[in-house]
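S.K.: So the protein lines, in turn, are chains A and B. Be aware that the first sequence starts at 0, since it is given in numbering that gives the first Met the number 0, and climbs by one per residue. Be aware that the second sequence starts at 0, since it is given in numbering that gives the first Met the number 0, and climbs by one per residue.
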Amino acid sequence: MHPFSYEKVTNEHEALERARLGNATFVAGGTTLVDLMKLNVEVPTALVDINGLPLNQIEDRSDGSIRIGALVRNGDLAHDSRIQSRYRVLSEAILAGASAQLRNMATTGGNLMQRTRCYYFRDPVYPCNKRQPGAGCAAMDGYNRIHAILGASDTCIATHPSDMAVALVALDASVHIRAANGERVVPITEFHLLPGDTPDRETVIRPGELITYVTLPSGPFGPRSAYVKLRDRASYEFALASAAVALQLEGTTVRSARVALGGVATKPWRALEAEQVLTGAAANKATFLNAADAALTGAVPRRHNAYKIELAKRAVVRALADALTH
Amino acid sequence: MSITPIDRLEFIRITAAATSVRKDTKSGVSVAPSASVTRALALRVNGEAVRLDVDTRVTLLDALREQLQLFGTKKGCDHGQCGACTVHVNGRRVLSCLTLAVMHDDDDIITVEGLERNGVLHPVQEAFIERDAFQCGYCTAGQIMSAAALLNESCGPSDDDVREQMSGNLCRCGAYPNIVAAIQSARGRA
Numbered sequence: 000m001h002p003f004s005y006e007k008v009t010n011e012h013e014a015l016e017r018a019r020l021g022n023a024t025f026v027a028g029g030t031t032l033v034d035l036m037k038l039n040v041e042v043p044t045a046l047v048d049i050n051g052l053p054l055n056q057i058e059d060r061s062d063g064s065i066r067i068g069a070l071v072r073n074g075d076l077a078h079d080s081r082i083q084s085r086y087r088v089l090s091e092a093i094l095a096g097a098s099a100q101l102r103n104m105a106t107t108g109g110n111l112m113q114r115t116r117c118y119y120f121r122d123p124v125y126p127c128n129k130r131q132p133g134a135g136c137a138a139m140d141g142y143n144r145i146h147a148i149l150g151a152s153d154t155c156i157a158t159h160p161s162d163m164a165v166a167l168v169a170l171d172a173s174v175h176i177r178a179a180n181g182e183r184v185v186p187i188t189e190f191h192l193l194p195g196d197t198p199d200r201e202t203v204i205r206p207g208e209l210i211t212y213v214t215l216p217s218g219p220f221g222p223r224s225a226y227v228k229l230r231d232r233a234s235y236e237f238a239l240a241s242a243a244v245a246l247q248l249e250g251t252t253v254r255s256a257r258v259a260l261g262g263v264a265t266k267p268w269r270a271l272e273a274e275q276v277l278t279g280a281a282a283n284k285a286t287f288l289n290a291a292d293a294a295l296t297g298a299v300p301r302r303h304n305a306y307k308i309e310l311a312k313r314a315v316v317r318a319l320a321d322a323l324t325h
Numbered sequence: 000m001s002i003t004p005i006d007r008l009e010f011i012r013i014t015a016a017a018t019s020v021r022k023d024t025k026s027g028v029s030v031a032p033s034a035s036v037t038r039a040l041a042l043r044v045n046g047e048a049v050r051l052d053v054d055t056r057v058t059l060l061d062a063l064r065e066q067l068q069l070f071g072t073k074k075g076c077d078h079g080q081c082g083a084c085t086v087h088v089n090g091r092r093v094l095s096c097l098t099l100a101v102m103h104d105d106d107d108i109i110t111v112e113g114l115e116r117n118g119v120l121h122p123v124q125e126a127f128i129e130r131d132a133f134q135c136g137y138c139t140a141g142q143i144m145s146a147a148a149l150l151n152e153s154c155g156p157s158d159d160d161v162r163e164q165m166s167g168n169l170c171r172c173g174a175y176p177n178i179v180a181a182i183q184s185a186r187g188r189a
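(1) Of the residues Thr106/A, Cys117/A, Ala242/A and Gln113/A, which one's Cα is nearest the Cα of asparagine 55/A?
(2) Does DSSP put valine 71/A in a helix, in a strand, or in coil?
(3) Inspect the beta-carbon positions of alanine 314/A and leucine 229/A and report whether they are closer than 8 Å.
(4) How would you list, in chain order, the residues of chain B whose beta-carbon sits under 8 Å from the beta-carbon of aspartate 34/A?
(5) Of all the beta strand (DSSP E) runs that stay within the bounds of the segment 203-269 of chain A, which reach a length of 3 or more residues?
(6) In angstroms, rounded to a whole number, what distance separates the CA positions of alanine 62/B and valine 53/B?
(7) Any Cβ of chain A within less than 8 Å of the Cβ of glutamine 256/B?
(8) Which value, in whole angstroms, describes the spacing of the CA atoms of valine 88/A and valine 244/A?
(9) Between the segment 49-68 of chain A and the segment 119-137 of chain A, do at least 3 Cβ pairs fall closer than 8 Å?
(10) Going straight from the alpha carbon of valine 185/A to that of glutamate 201/A, what length do you get?
(11) Return the first residue and the last residue of the alpha helix (DSSP H) that phenylalanine 287/A is part of.
(12) Quick check: the Cα distance between arginine 21/B and valine 213/A, rounded to an integer number of angstroms?
(13) Within the 8 Å Cβ cut-off, does threonine 30/A reach chain B?
(14) I want to see whether chain A comes within less than 8 Å of glutamine 66/B, judged by CB atoms only; does it?
(15) Taking all protein chains shown into account, decide if glutamate 58/A is buried (16 or more other Cβ within 10 angstroms of its Cβ) or exposed.
(16) State buried or exposed for tyrosine 306/A, treating a residue as buried only when at least 16 other CB atoms are found within 10 Å of its CB.
(17) Report the residue from Gln134/B, Gln124/B, Glu65/B and Arg162/B whose alpha carbon sits nearest the alpha carbon of alanine 147/B.
(18) If we ignore side chains and look at the alpha-carbon of each, how far apart do arginine 317/A and proline 216/A end up?
(19) Can you name the start and end residues of the beta strand (DSSP E) that arginine 346/A belongs to?
(20) Could you check if leucine 149/A belongs to the surroundings of the ligand COA, using beta carbon to heavy atom distance under 7 Å?
(21) Candidates Ala100/B, Leu51/B, Ile108/B and Glu65/B: which alpha carbon is nearest methionine 144/B's?
(22) Grouping DSSP H, G and I as helix and E and B as strand, with all else coil, what is aspartate 107/B?
(23) Listing by chain order, which chain B residues have their CB less than 8 Å from the CB of histidine 78/A?
(24) For aspartate 171/A and glycine 181/A, what's the separation of their Cα atoms in angstroms?
(25) Output the boundary residues of the alpha helix (DSSP H) element that contains glycine 181/A.
(26) Chain B beta carbons: is any one of them nearer than 8 Å to that of alanine 99/A?
(27) Could you confirm whether any beta carbon from chain B is found closer than 8 Å to the beta carbon of aspartate 140/A?
(28) Where DSSP assigns a beta bridge to leucine 51/B, which residues make up the other side?
(29) Can you tell me which residues form a DSSP beta bridge with arginine 177/A?
(30) Between which two residues does the alpha helix (DSSP H) carrying isoleucine 182/B extend?
(31) Counting only Cβ pairs nearer than 7 Å, list the residues of chain A close to threonine 200/B.
(32) Can you give me the Cβ contacts of glycine 27/B inside the same chain, cut-off strictly under 6 Å, excluding the 5 residues immediately before and after it?
(33) Could you check whether the Cβ of tyrosine 118/A sits closer than 8 Å to any Cβ belonging to chain B?
(34) With which residues is aspartate 59/A paired in a DSSP beta bridge?
(35) Tell me which residue opens and which closes the alpha helix (DSSP H) that glutamate 163/B is part of.
(36) Find the nearest neighbour of proline 219/A within the set Gln113/A, Leu15/A and Gly63/A, judged by alpha-carbon distance.
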């Protein structure tokens with residue numbers, strides 16, 4: 000690991016001031032950052048520890064929304080009774096990820112900033128356009144079994160690893176970002192970027208900016224939401240395909256629906272085509288199968304990951320069936 | 000036949016030190032001291048106040064093992080994928096390999112060495128012995144620290160619930176059946 004300076008800050012102003020100096024990186028849980036620093040994939044010269052900022056509350060707001068501080072630990076968020084009852088899919092998604100120890104460390108903001116698990120990205124021996132723009136992509140014709148079938152480009156096929164963010168996409172969350180010159184609010188669907196020609200740019204966060212909150216609108220979905228994650232082992236593993244869904248019913252008809260996919264795309268993926276199929280249709284298996292087909296219409300497999308198309312469809316169908324019975 | 004008893008860890012320390020000296024002499028290059036950044040820390044480890052000077056790059060795991068000689072906490076993968084390094088920070092289980100020591104100024108750390116109380120083993124430690132919940136023992140400290148924390152977490156009653164909550168602790172010997180039995184037994188008496 001390369002040497003770096005370390006500073007712990009206690010308020011947002013101080014954090015933003017420090018971040019302006021040199022190649023500074025914020026650290027909170029550290030579960031992605033420290034790992035990648037050991038691999039020489041992340042090489043910050045200055046760490047700014049933001050764990051002392053007062054951003055660790057989950058608050059009800061008067062408009063029915065919920066505001067989650069960026070430092071709320073994943074485990075605390077998943078076990079919050081309001082999240083469990085009103086945003087069940089979010090609790091399920093978080094608990095499907097990592098381990099109890101990691102969920103005690105990882106934060107809401109950090110989860111959004113976590114980097115891909117692409118083997119070639121994590122190993123500086125291989126060329127990677129995400130690590131070093133223009134270097135090439137070893138995954139494209141390499142062992143790409145875990146890679147993306149949606150949202151990929153000619154430069155990058157790395158998947159986004161988060162479970163939490165997939166649920167946030169289904170729930171229409173917003174990300175609050177603080178910069179030295181003010182605050183902006185970005186819809187979660189616009190927070191992560193498609194790789195395009197710049198796979199090194201993964202989010203809209205600019206150097207020196209800080210995630211402060213994530214807000215969840217009061218949705219019409221109540222308990223009818225679910226997360227299904229499919230992976231190589233039963234627990235403590237990243238998704239090969241996952242689905243976060245939410246349903247609003249009118250009798251036996253779907254009035255509105257949300258479908259998001261994880262493990263198959265270069266960013267947490269909103270499947271609007273599937274939502275259109277569901278809206279106004281009967282809430283039954285035939286509809287769910289049609290929705291799953293629609294969600295994967297644009298899928299482009301590589302040599303080793305064509306199986307993900309069927310896997311993701313089954314995740315969607317299963318999640319919709321689960322949501323129906325909640 | 001009499002052999003001067005040398006502690007295994009002492010032997011490793013001596014040979015490691017000798018190797019590093021030789022390496023320095025051979026290369027003739029030393030890293031400029033200004034390149035590394037050292038910070039002073041005050042924390043509590045197993046109930047005792049501890050002061051440490053740490054390079055900012057040192058993980059909590061390495062500080063515990065190399066600076067405080069608390070070798071109970073094990074380094075398995077060193078990348079958050081095995082759970083062998085699990086310790087409690089301010090009452091919660093975390094992976095000591097993925098957090099920097101410098102981030103723990105003023106924190107309360109409990110390692111497996113600090114789990115017993117007044118010479119009495121923690122119920123999880125007792126249960127691991129009774130149920131023979133280990134084979135080679137390398138993952139055991141992490142398993143025990145995780146299980147001890149689990150007793151205070153929300154976890155369903157079934158064996159499957161325990162397996163899910165313990166999924167962050169791998170055992171390559173495959174002692175899982177007895178680990179789960181030990182934890183269920185400890186939950187019953189805690």
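We put the CB at the ideal spot given by N, CA and C, even for glycine.
M.R.: This is what the structure holds:
(1) For the residues Thr106/A, Cys117/A, Ala242/A and Gln113/A, the minimum Cα distance to asparagine 55/A belongs to Thr106/A.
(2) Here DSSP, grouped into helix, strand and coil, assigns valine 71/A to coil.
(3) Yes, Cβ-Cβ distance for alanine 314/A and leucine 229/A is below 8 Å.
(4) The answer, in chain order, is His78, Gly79 and Leu97.
(5) If we require 3 residues or more, the beta strand (DSSP E) runs fully inside the segment 203-269 of chain A come out as 209-215, 224-229, 240-249 and 252-261.
(6) Within the model, the alpha-carbon separation for alanine 62/B versus valine 53/B is close to 8 Å.
(7) What the structure shows of chain B is the stretch from 0 to 189, and residue 256/B is not part of that stretch, so it cannot be assessed.
(8) Cα atoms of valine 88/A and valine 244/A: separation of roughly 7 Å, rounded to the nearest angstrom.
(9) With the cut-off at 8 Å, the segment 49-68 of chain A and the segment 119-137 of chain A do not touch.
(10) When rounded, the distance between both Cα atoms is 14 Å.
(11) In the DSSP assignment, phenylalanine 287/A falls within the alpha helix (DSSP H) that extends over 284-294.
(12) With a pLDDT of 39 at arginine 21/B, under the threshold of 50, the predicted position of this residue should be treated as unreliable, though the coordinate-derived value follows. Taking the straight line joining both Cα atoms gives about 53 Å.
(13) Taking 8 Å as the threshold, the shortest C-beta distance from threonine 30/A to chain B falls below it.
(14) Not closer than 8 Å to any Cβ of chain A, the Cβ of glutamine 66/B fails to qualify, so no.
(15) Burial is judged here by how many other beta carbons sit within 10 angstroms of a residue's own beta carbon; glutamate 58/A has fewer than 16 and is exposed.
(16) The residue in question, tyrosine 306/A, is exposed, as its Cβ has fewer than 16 Cβ neighbours within 10 Å.
(17) Among Gln134/B, Gln124/B, Glu65/B and Arg162/B, the Cα nearest to that of alanine 147/B is on Gln124/B.
(18) Cα atoms of arginine 317/A and proline 216/A: separation of roughly 25 Å, rounded to the nearest angstrom.
(19) No statement about residue 346/A is possible, as the shown extent of chain A runs from 0 to 325 and does not include it.
(20) As for the ligand COA, it is missing from this structure, which has no ligand bound.
(21) Minimum Cα-Cα distance from methionine 144/B among the listed residues Ala100/B, Leu51/B, Ile108/B and Glu65/B corresponds to Ile108/B.
(22) In the structure shown, aspartate 107/B falls within a strand segment according to DSSP collapsed to helix, strand and coil.
(23) Listed along chain B, the residues sitting closer than 8 Å to histidine 78/A by beta-carbon distance are Ser153.
(24) C-alpha separation (whole angstroms): 23 Å.
(25) Where glycine 181/A is concerned, there is no enclosing alpha helix (DSSP H), although the beta strand (DSSP E) it sits in stretches over 181-186.
(26) Chain B has a Cβ within less than 8 Å of the Cβ of alanine 99/A.
(27) For aspartate 140/A, the nearest beta carbon of chain B is not closer than 8 Å to its own beta carbon.
(28) Partner(s): Leu40/B.
(29) In DSSP, arginine 177/A forms a bridge with Glu182/A and Leu209/A.
(30) Start and end: 175-188.
(31) The question about residue 200/B has no answer here: the residues shown for chain B are numbered 0 through 189.
(32) In this prediction, glycine 27/B scores a pLDDT of 34, lower than 50, which makes its location untrustworthy; no coordinate-derived value is stated.
(33) Not closer than 8 Å to any Cβ of chain B, the Cβ of tyrosine 118/A fails to qualify, so no.
(34) Aspartate 59/A is bridged to Ile65/A.
(35) Membership of glutamate 163/B in the alpha helix (DSSP H) is indicated by the continuous run 158-164.
(36) Comparing Cα positions, the closest option is Gly63/A.
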